[in-house]
Amino acid sequence: MKYKLYNQLVENKKTGKKSFSVLIDPDKVDISAIEQLVGLSIDAKVDYFFVGGSLIISNHLDACIRQIKSTCHIPVILFPGSPSQVSSYADALLYLSLISGRNPELLIGQHVLSATQVKNSGLEIISTGYMVVDGGAPTAVTYISNATPIPADKNDIAMCTAMAGEMLGMKLIYMDAGSGAKRPITETMIENVAQNIEVPLIVGGGITNPEKAYLNCKAGADIIVVGNAIEKDASIIKEISDAVHSIPVTI
Ligand code: 1GP
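In terms of my numbering, the sequence shown opens at residue 72 and continues consecutively.
Written out as structure tokens, the structure is:
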């Protein structure tokens with residue numbers, strides 16, 4: 072049971088089933104707004120909720136997740152911006168190492184400091200090679216991480232970074248242009264990475280329409296994450312979910 076969610080991700084990849092994840096930043100939603108968001112997500116057959124953010128302003132992470140869990144069975148996966156964003160109410164945690172950067176604190180330092188807390192949380196822990204790609208403007212993640220993102224046109228660097236992450240034992244690769252990125256990651260870069268790794272590939276950052284979500288999946292993304300565009304207009308949840316799920320399962 073410990074790798075329940077991860078095993079499902081691997082199974083999905085084998086069959087070519089693409090997934091859609093709605094990103095909820097606890098600082099950007101009221102508890103009252105979550106009910107509506109969850110309702111739309113159930114109707115749209117959303118696969119996962121990712122919960123997390125770069126800052127902690129509101130300090131209602133637990134309440135936020137409990138609200139989601141009280142109204143649906145969609146798995147909640149923590150996407151933490153810092154070690155303090157651990158909540159036992161979630162189903163799993165992306166244990167992120169910022170492999171695109173050279174800031175030792177985000178490669179291993181904070182992990183050491185929070186290892187006991189993370190292990191004792193009882194959450195399913197999924198080690199994730201986190202790659203930030205330049206999205207055309209400084210985003211919260213590039214500023215806070217104090218690390219240079221991979222240039223948007225350096226497909227080889229992205230490919231080799233992902234390959235190294237996989238060979239180091241990371242179970243997922245997450246390519247992120249940063250929340251609200253002006254330019255999402257190109258399909259060419261996604262394709263280069265996807266063709267050279269076997270672990271599931273998550274892609275997010277600046278995806279604002281169903282067409283881009285679809286193209287990213289065709290290029291090899293297994294999970295599409297959208298946050299910012301949904302904060303602006305939640306009705307887009309269904310359009311993007313339909314686009315992601317329109318890709319036929321191959322086996
Ligand atoms: C950011 O990948 C996520 O870490 C989602 O980005 O908010 O731009 O959709 P957006």
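Note that CB positions come from ideal geometry on N, CA and C, so glycine has one too.
Quick caveat, the model's predicted, so the values are computed rather than measured.
>> Here's a check: name, in chain order, each residue in its chain whose Cβ is nearer than 7 Å to the Cβ of Ser129, leaving out the five neighbours to either side.
In response: Listed in chain order, the non-local C-beta contacts of Ser129 below 7 Å within the same chain comprise Pro97, Asp98, local neighbours out to five positions each way being set aside.
> Which whole-angstrom value is the C-beta distance of Met202 and Ile221, which I expect to be below 8 Å?
Replying inline: 6 Å
> Given a threshold of 16 other Cβ atoms within 10 Å of its Cβ, counted over all protein chains shown, does Thr213 qualify as buried or as exposed?
Replying inline: buried
> What is the rounded straight-line gap between the Cα of Val109 and the Cα of Pro151?
Replying inline: 20 Å
>> Using DSSP's beta-bridge definition, name the partner residues of Met246.
In response: Met202, Val274
> Thr178 lies in the beta strand (DSSP E); which residues open and close that run?
Replying inline: It should be pointed out that residue 178 corresponds to Leu in this sequence rather than to Thr. Taken as a continuous stretch (DSSP letters only), Leu178 belongs to no beta strand (DSSP E), as it is neither H nor E.
>> Check this for me: beta carbons of Val320 and Phe91, under 9 Å apart or not?
In response: no
> In the DSSP assignment, what are the bridge partners of Tyr119?
Replying inline: Ser92
> So Ile179 and Leu165 are in contact, right, with Cβ under 8 Å, and what is the actual spacing, rounded?
Replying inline: About 16 Å; that fails the 8 Å criterion.
>> Assuming the contact rule is C-beta atoms closer than 8 Å, Gly276 and Gly207 should be a hit. Round their C-beta distance to whole Å, please.
In response: Wrong, their Cβ atoms sit about 10 Å apart, outside the cutoff.
> Hey, how far is the Cα of Ala163 from the Cα of Asp133?
Replying inline: Taking the CA atoms as reference points, Ala163 sits about 14 Å from Asp133.
> Where do the N-terminal and C-terminal ends of the beta strand (DSSP E) with Ser168 fall, by residue?
Replying inline: 163 to 169
>> Could you compute how far the alpha carbon of Ala161 sits from the alpha carbon of Leu184?
In response: Going by the C-alpha atoms only, they are around 21 Å apart.
> What do you get for Ala284, buried or exposed, if any count of 16 or more other CB atoms within 10 angstroms of its CB means buried?
Replying inline: buried
>> Mapping the DSSP letters down to three states, classify Glu82 as helix, strand or coil.
In response: helix
> In whole angstroms, what separates the C-alpha of Thr257 from that of Ser306?
Replying inline: 25 Å
>> Taking a contact to mean a Cβ-Cβ separation below 9 Å, would you say Ile301 touches Asp118 in this structure?
In response: no
>> Please return the same chain residues whose Cβ sits closer than 6 Å to the Cβ of Pro154, not counting the five positions on each side in sequence.
In response: Gln181, Ser185
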